[in-house]
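Take a look at the structure below.
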Amino acid sequence: MVLPRITNRPTAYRESAIDCAGKMIWPGLFDIHTHGCMGFDFTKSEPEEILSMCSFYAAHGITSILATTMTSEDTQYARAMHSIRQAITMQTKKTCGARIQGIHMEGPFFGTAKKGAHDENYLRPISQALVDEYQERCGHAIRLLDLDPTLPGALDFIHRNKGNFTISIAHTDCDYKMALAAAEAGATHVTHLFNAMRPLLHREPGLVGAAFASGLNAELICDGIHIHPAVIKLIFSAMPGRILLISDSINPTGLIDGKYRAGGLPIEVKNGRAYLADGTLAGSTITLFDAIKNAVRFHIPLNQALLAATALPAKAVGLSDTVGQIACGMDADLLIVDESLNLERVMIGGEFL
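The opening residue of the sequence shown carries number 22 in the working numbering; numbering runs sequentially from there.
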């Protein structure tokens, strides 16, 4: 994934060439779980605001995203689907930062036990009709959908929809047996492993143990806050090729500490950490590029960290034929990075920003 550093400079090159001597060339990063940045979020923003978010992502090395929605009032959620669709349409006419590759629905199909920062007033039973409505509104852009497998009808829903989008087990108090049943039904993904789920215990391994045993892909929020660095290192070793780095960033990302609202709930950001009033962690304020640098700082090999933010997330949501790698026929999304992991240049669709 990381091309060799270039040590021999050419004696002559076209004026349009970029001198990459001593640099690394990476594929553009793919954040499949990000709610927002710069004061905006995908659940409540207008199309033009969404494109402003995409510009922020691109400036930080993220060239592809899944626009991640959050539990909200029904009419607001429906408006979000339409606004994201409009933003995607606008991007087909003009390059506008990171490309929206689809939608990640985080909520509303959760129980209250592990709701995290989701507003329980708007949690919903699993509904095929609602998902079908949202798919129509967004132009069938849903690529990743989260649910709690303990909800009534969950296993039937997973089995019926496993070919339509990636299904993730999330925000659940399910035990090991139930998690295995969800995987058997067709779930292939776990949302922010270790967070909003039972802990891994030696007699009840829960969803964490089931993810390991059943071959599920698993997201990690690599900010050093949601998960201890030692656990991040352990899980990379335990599940090679199945760990996906995410930001889970929320709207204050890129802004200063202060009081905000996310998912309709009041939050406070202190020293870059976002909390609800009761102390519950409410997403992160990092970018996916930050997550890679953190992973390396936590002693994850760079090639593993980079795979976890490029090719592996693309594969997890069915886009491995277009993004996530440097290869013939792939989208020309590239980063130039120096040896200290400083981002120098970003290319999207063959054009430098």
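The beta carbon of each residue, even a glycine, is placed where N, CA and C say it ideally should be. It should be emphasised that the depicted structure is a prediction, and the values quoted were computed from it without experimental measurement.
Which same chain residues, not among the five before or five after residue i, have their C-beta less than 8 angstroms away from its C-beta?
| i | result |
| --- | --- |
| H213 | H54, A191, E240, L241, I242, H247, I267, D269 |
| N216 | G137, I242, H247, I248, L302 |
| S93 | T64, K65, A101, G128, P129, D140, Y143, G284, G285 |
| G227 | C195, D196, Y197, A200, M218, R219, P220, L221 |
| E67 | S104 |
| L333 | N238, G262, R263, I264, L265, G345 |
| I147 | F130, L168, L172, P173, G174, A175, F178 |
Taking only three categories from DSSP, how would you classify residue i?
| i | result |
| --- | --- |
| C117 | coil |
| D167 | strand |
| C58 | strand |
| I369 | strand |
| A330 | coil |
| E289 | strand |
| I321 | coil |
| T274 | coil |
| D354 | coil |
| H103 | helix |
| T110 | helix |
| L255 | helix |
Could you tell me how far apart the beta carbons of residue i and residue j are, in whole angstroms, since I believe they sit closer than 8 angstroms?
| i | j | result |
| --- | --- | --- |
| S305 | D244 | 5 angstroms |
| H302 | A295 | Reading off the sequence shown, one finds Leu at residue 302, where the question assumed His. At roughly 7 angstroms, the Cβ-Cβ gap stays under 8 angstroms, so L302 and A295 are in contact. |
| A375 | F51 | Here the chain comprises residues numbered 22 to 374, so residue 375 is not present and cannot be evaluated. |
| L87 | L165 | 6 angstroms |
| I233 | I321 | In the sequence under discussion, the amino acid at residue 233 is Phe, which differs from the Ile named in the question. So it is not a contact: roughly 17 angstroms between Cβ atoms. |
| S189 | H161 | With a Cβ gap of about 18 angstroms, S189 and H161 do not count as contacting. |
Pull up the DSSP beta-bridge partners for residue i, would you.
| i | result |
| --- | --- |
| L302 | Y296 |
| L266 | L241 |
| P129 | Looking at the DSSP assignment, P129 forms no beta bridge with any residue, so it has no partner. |
| T90 | M126 |
| I188 | L166 |
| Y281 | I288 |
| H210 | S189, N238 |
| I83 | L50 |
| M45 | V358 |
If I measure Cβ to Cβ from residue i and keep anything under 6 angstroms in the same chain, skipping five residues before and after, which residues do I get?
| i | result |
| --- | --- |
| T84 | G49, A119, D354, I369 |
| T308 | H81, S268 |
| V13 | Outside the modelled stretch of the chain, which goes from 22 to 374, sits residue 13, for which no answer is possible. |
| D62 | H56, N272 |
| G293 | T306 |
| L362 | K314 |
Determine the direct distance from the alpha carbon of residue j to that of residue i, and round the result to whole angstroms.
| i | j | result |
| --- | --- | --- |
| L340 | R100 | 26 angstroms |
| T187 | I357 | 31 angstroms |
| C159 | H103 | 5 angstroms |
| C41 | C117 | 25 angstroms |
| K254 | A326 | 11 angstroms |
| T90 | K291 | 24 angstroms |
| M351 | A38 | 20 angstroms |
| G300 | K280 | 14 angstroms |
| I121 | E205 | 30 angstroms |
| V252 | E154 | 40 angstroms |
| A231 | A259 | 12 angstroms |
| R167 | H125 | It should be noted that the sequence gives Asp, not Arg, for residue 167. Each residue's alpha carbon lies about 8 angstroms from the other. |
| E70 | G345 | 26 angstroms |
| I163 | G184 | 12 angstroms |
| T28 | D177 | Note that T28 has pLDDT 44, beneath the 50 cutoff, so the model's placement of it is unreliable and no number is given. |
| E360 | I46 | 11 angstroms |
| A150 | T113 | 29 angstroms |
| A375 | A203 | The question about residue 375 has no answer, for the chain in this structure spans 22 to 374. |
| P365 | K44 | Per the sequence shown, residue 365 should be read as Glu rather than Pro. Computed Cα separation, rounded: 9 angstroms. |
| L374 | V367 | 6 angstroms |
| I109 | Y98 | 17 angstroms |
| N4 | P250 | No answer is possible for residue 4: the residues shown for the chain start at 22 and end at 374. |
Could you pull out every residue in the same chain whose Cβ sits closer than 7 angstroms to the Cβ of residue i, ignoring the five residues on either side in sequence?
| i | result |
| --- | --- |
| F77 | C58, M59, G275 |
| M111 | P68, L72, C117 |
| K135 | H192, T193, D194, A217, M218 |
| T133 | E141, L144 |
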